[in-house]
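Heads up, the thing below is written out as structure tokens.
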Amino acid sequence: MIERHPKDPGFDIGPDAFVHVPQLKGRIRDPHLSKFRFLDFEEIDRRAKQAGYPENWRRPDDEREASRRKALEAQPDEDVWIFAYGSLMWDPGFYFDEVRIGRLAGYERRFCLHLTGGRGSPETPGFMAALDFGDLCDGVAFRIGAEKVEHETAVIWRREMIAYGYVPTNVAVSTAQGEISAITFVADHGSERYAGPVGIDEAAQKIARAEGMMGSNIEYVLNLDEQLELLGLEDAHFSELAARTRAYGGR
1 MIERHPKDPG FDIGPDAFVH VPQLKGRIRD PHLSKFRFLD FEEIDRRAKQ AGYPENWRRP
61 DDEREASRRK ALEAQPDEDV WIFAYGSLMW DPGFYFDEVR IGRLAGYERR FCLHLTGGRG
121 SPETPGFMAA LDFGDLCDGV AFRIGAEKVE HETAVIWRRE MIAYGYVPTN VAVSTAQGEI
181 SAITFVADHG SERYAGPVGI DEAAQKIARA EGMMGSNIEY VLNLDEQLEL LGLEDAHFSE
241 LAARTRAYGG R
């Protein structure tokens, strides 16, 4: 039996969560095992201070909560869908009742955010993934049941909105079972972290060298490449980025 965190409300993944995508069962990490479920902000702040981060690197709690409320108010139903395109696809850290493969038009998966913390540093900066305007992005959509929404979206916001760079955005996602309204996290063009269009070669070279207090940037990219393949999702642009990153990193 997996020991639960003292603050865990005791949720479970819905019994029919994988009915539409049985191939994903066992490929998505149990939230119990996710390091992202209950982030220790005090420890993160301590390590950030040691690493020389500025005092205001982290988004204030009230600002983060206000963005969550705004996004939830725009959702049409009591249940909430989250569209994932990066590590949330295989390590969501939150409980859900249904999962589908989804396609988002008008956006693409891009490494377009400067990364000087986490898996990068001021000395060895890298790039973080985000959604940016483009053609389309295939990903994974999770439905969080109404009774779980309040707690589980707070878990998501503590992870995705801890720092600046993303804008929670309500989008229409196409799935084989029909169109849904979902929340996803899009690159904030007004943020200092936004790098704009970055050439694949430039991105690959920086990612291959970048490392921070959460590990290496290349580790994240290669893990994402592996997971997209396991999930059966194609992304030609990202596949090329991953291949060049692997070459520059000697892997």
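The sequence shown begins at 1 in this note's numbering and counts up by one.
The beta-carbon is built from N, C-alpha and C at its ideal position, and this holds for glycine as well.
> First and last residue of the beta strand (DSSP E) that includes Ser67?
Replying inline: Your numbering for residue 67 matches position 67 in the sequence shown. Element bounds for Ser67: not the beta strand (DSSP E) but the alpha helix (DSSP H), Asp61 to Glu73.
> In whole angstroms, what separates the C-alpha of Pro76 from that of Val140?
Replying inline: Numbered from its first residue, the sequence shown carries residue 76 at position 76. Numbered from its first residue, the sequence shown carries residue 140 at position 140. Each residue's alpha carbon lies about 20 Å from the other.
> Which residues in the same chain as Arg244 place their Cβ atom closer than 7 Å to its Cβ, once the five residues preceding and following it in sequence are excluded?
Replying inline: Here residue 244 is taken as the residue at index 244 of the sequence shown, counted from 1. Here the set comprises Ile200, Asp201 and Ala204.
>> For Ser174, report the span of its beta strand (DSSP E) as first-last.
In response: Locating residue 174 in the sequence shown gives position 174, counting from the first residue. Where Ser174 is concerned, the enclosing beta strand (DSSP E) stretches over Tyr166 to Thr175.
>> Check for me: the alpha helix (DSSP H) holding Arg246 runs from which residue to which?
In response: Against the sequence shown, residue 246 aligns to sequence position 246. Counting along the chain, the alpha helix (DSSP H) containing Arg246 begins and ends at Ala236 to Tyr248.
> Of all the options Phe238, Glu234 and Ile183, which has the alpha carbon lying nearest to the alpha carbon of Val80?
Replying inline: The sequence position of residue 80 within the sequence shown is 80, counting from 1. Minimum Cα distance to Val80 is reached at Ile183.
> Are Trp57 and Ala187 close, meaning C-beta to C-beta below 8 Å?
Replying inline: Here residue 57 corresponds to residue number 57 of the sequence shown, with the count starting at 1. Here residue 187 corresponds to residue number 187 of the sequence shown, with the count starting at 1. Going by C-beta atoms, Trp57 is not nearer than 8 Å to Ala187.
> If we ignore side chains and look at the alpha-carbon of each, how far apart do Ser87 and Glu63 end up?
Replying inline: The residue given as residue 87 occupies position 87 in the sequence shown. The residue given as residue 63 occupies position 63 in the sequence shown. Approximately 24 Å, taken between the alpha carbons.
> Quick one: Cα of Asp235 to Cα of Arg110, how far?
Replying inline: Taking the first residue of the sequence shown as 1, we reach residue 235 at position 235. Taking the first residue of the sequence shown as 1, we reach residue 110 at position 110. Computed Cα separation, rounded: 10 Å.
> According to the neighbour-count rule (16 or more other Cβ atoms, all chains shown, within 10 Å of its Cβ), is Ala74 buried or exposed?
Replying inline: Locating residue 74 in the sequence shown gives position 74, counting from the first residue. It counts as exposed.
> Can you list, in chain order, the stretches of the beta strand (DSSP E) that have 3 or more residues and sit fully within the stretch 114 to 199?
Replying inline: 126 to 144, 166 to 175 and 178 to 187
>> Considering only the alpha carbon of each residue, which of Arg100, Val171, Glu219 and Ile207 lies closest to Leu233?
In response: Taking the first residue of the sequence shown as position 1, residue 233 is located at position 233. Among Arg100, Val171, Glu219 and Ile207, the Cα nearest to that of Leu233 belongs to Arg100.
> Under the three-state reduction of DSSP, which class applies to Tyr85: helix, strand or coil?
Replying inline: On the sequence shown, position 85 is the one that residue 85 refers to. The answer is coil: DSSP assigns Tyr85 none of H, G, I, E or B.
>> Can you tell me which residues form a DSSP beta bridge with Tyr107?
In response: Position 107 of the sequence shown, counted from the first residue, corresponds to residue 107. Phe133.
> According to DSSP, is Ile44 helix, strand or coil?
Replying inline: Along the sequence shown, read from residue 1 onward, the residue named residue 44 stands at position 44. Correct three-state label for Ile44: helix.
>> To the nearest angstrom, how far is the alpha carbon of Thr169 from that of Ala51?
In response: Working through the sequence shown from its first residue, we reach residue 169 at position 169. Working through the sequence shown from its first residue, we reach residue 51 at position 51. Roughly 31 Å between the two C-alpha positions.
> What's the call for Leu136, buried or exposed, on a 16-neighbour Cβ count within 10 Å?
Replying inline: What you label residue 136 is simply residue 136 of the sequence shown in a count that begins at 1. That one is exposed.
> Since Tyr220 is in the alpha helix (DSSP H), which residue starts that stretch and which ends it?
Replying inline: For the purposes of this step, residue 220 is identified with residue 220 of the sequence shown, where counting begins at 1. From DSSP, the alpha helix (DSSP H) with Tyr220 extends over Asn217 to Leu231.
> Quick one: Cα of Glu123 to Cα of Thr116, how far?
Replying inline: Reading the sequence shown from its first residue, position 123 is the one you call residue 123. Reading the sequence shown from its first residue, position 116 is the one you call residue 116. If I take the Cα positions, the gap works out to 8 Å.
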